[in-house]
Amino acid sequence: MDLNHSDGGPSTAKILISGGFGVGKTTLVGAISEIRPLRTEEPMSDRSVGIDDTRGVSAKTTTTVAMDFGRISFPSQLVLYLFGTPGQARFWFMWDELAIGAIGAVVLADTRRVADCFASIDYFEHNGIPFIIAVNCFDGAPRFEPEDIRIALSLGPGVPIVLCDVRQRDSVKQVLVSLVRYVMNGSRRPDQMSIG
Amino acid sequence: MTSHEASGDRWFDREAGPVVRPYALTMGRTRPAGGASFDLIDVVIAASDRMPEHFRPAPEHRRILSLCRRPTPIVDLTSEMDLPLGVVRVLLGDLASEGLVRVMSTQRQPANDQRLLRMVLDGLESL
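Here the protein sequences come in this chain order: A and B. Under my numbering, think of the first position of the first sequence as 106, with each following residue one higher. Under my numbering, think of the first position of the second sequence as 27, with each following residue one higher.
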């Protein structure tokens, strides 16, 4: 059910951009969308309490995240939002916030530091959120065949792997198109339908 | 006047950040009234100009109402207000429970919504 549309307001959708620190998430978002700031200050969840060392700060019950998001407005009254997932483990609570209702996720990978995107892949697999891998081809980074990357990341055969340059608008556009096509074609297995 | 008093009003400037803690605006409440859950991309629209007599709106409530004369996604509203998301949610909960705004939920399972996916795909391909 899409109440927005019937009320004449915008339809909204969101896509997550994930991956390790410094892999180019912000560059990707900036290449294709208008960047805007967002402040969040959320009560600490049980999960972040376990990670933050709160001894000696007994009154601290909230944690602050300053983040950016990307916004693309289309003539069709659709607004697409791109949210980069915060990298630090203490901000895991934000991932759930961002993931619910997302079309899917782009996991950016740097072939020099492949392991950096394991946490993202685990999260999306565990929560049944469709994702594709976008390999950012940095100048001078070793080029690998997509199938080598699939093996390095222990990915199933269905997950698309695309090569991209996050600085190039057209390249980023192709990455997002690949994700949406993948989701349209029914990426999810029946046992992965629920979130959380 | 002592020198301490003379400099007393210079303790806080713009760079010191807000003097009031964010949740002071909500009187310490961290969850919206009535347990409402508002997603980042849900869309808010002002529903009425008539303030109930018992409701004393804060300036921030009024600001939200003026920003949502046109349907506005919560994430844009929050960015525009320059307040933390959690605070905006509580203020929206107040306004929604007084019937002053309506919050239109977006699709929580967009992967099952072929019409929305087609819109996104067509939009992206037209860029």
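Cβ atoms here follow ideal geometry from the backbone N, Cα and C, with glycine treated the same way.
- Rounded to the nearest whole angstrom, the C-alpha separation of V282/A and S105/B is 27 Å.
- K130/A does not reach chain B, its nearest Cβ partner there being about 17 Å away, counting only Cβ pairs nearer than 7 Å.
- Taken in chain order, the complete alpha helix (DSSP H) segments of 4 or more residues contained in the segment 73-147 of chain B are 85-93, 100-107 and 111-123.
- Counted as a single uninterrupted DSSP element, the stretch harbouring A62/B is not any alpha helix (DSSP H), since DSSP gives it neither H nor E.
- In the three-state DSSP reduction, T117/A falls in the strand class (E or B).
- As computed with DSSP, A239/A is found in a beta bridge with L213/A and V267/A.
- Fewer than three beta-carbon pairs drawn from the segment 130-138 of chain B and the segment 74-91 of chain B are found closer than 8 Å, and the two stretches are therefore not classed as touching.
- The three-state secondary structure of D173/A, taken from DSSP, is strand.
- F81/B and P115/A have their C-alpha atoms some 29 Å from each other.
- Per DSSP, Y287/A is not a residue of any beta strand (DSSP E); the alpha helix (DSSP H) it occupies stretches across R274 to M289.
- For the pair of segments examined, the segment 54-74 of chain B was found to touch the segment 199-213 of chain A: the number of CB pairs separated by less than 8 Å reaches three.
- What L147/B touches in chain A, judged by beta-carbon distance under 8 Å, is V282, V285, R286 and M289, going in chain order.
- Neighbourhood of G61/B in chain A, by CB distance below 7 Å: empty, with the nearest CB roughly 14 Å away.
- Sequence-distant Cβ neighbours of A220/A in its own chain, meaning closer than 7 Å and more than five residues away, do not exist here.
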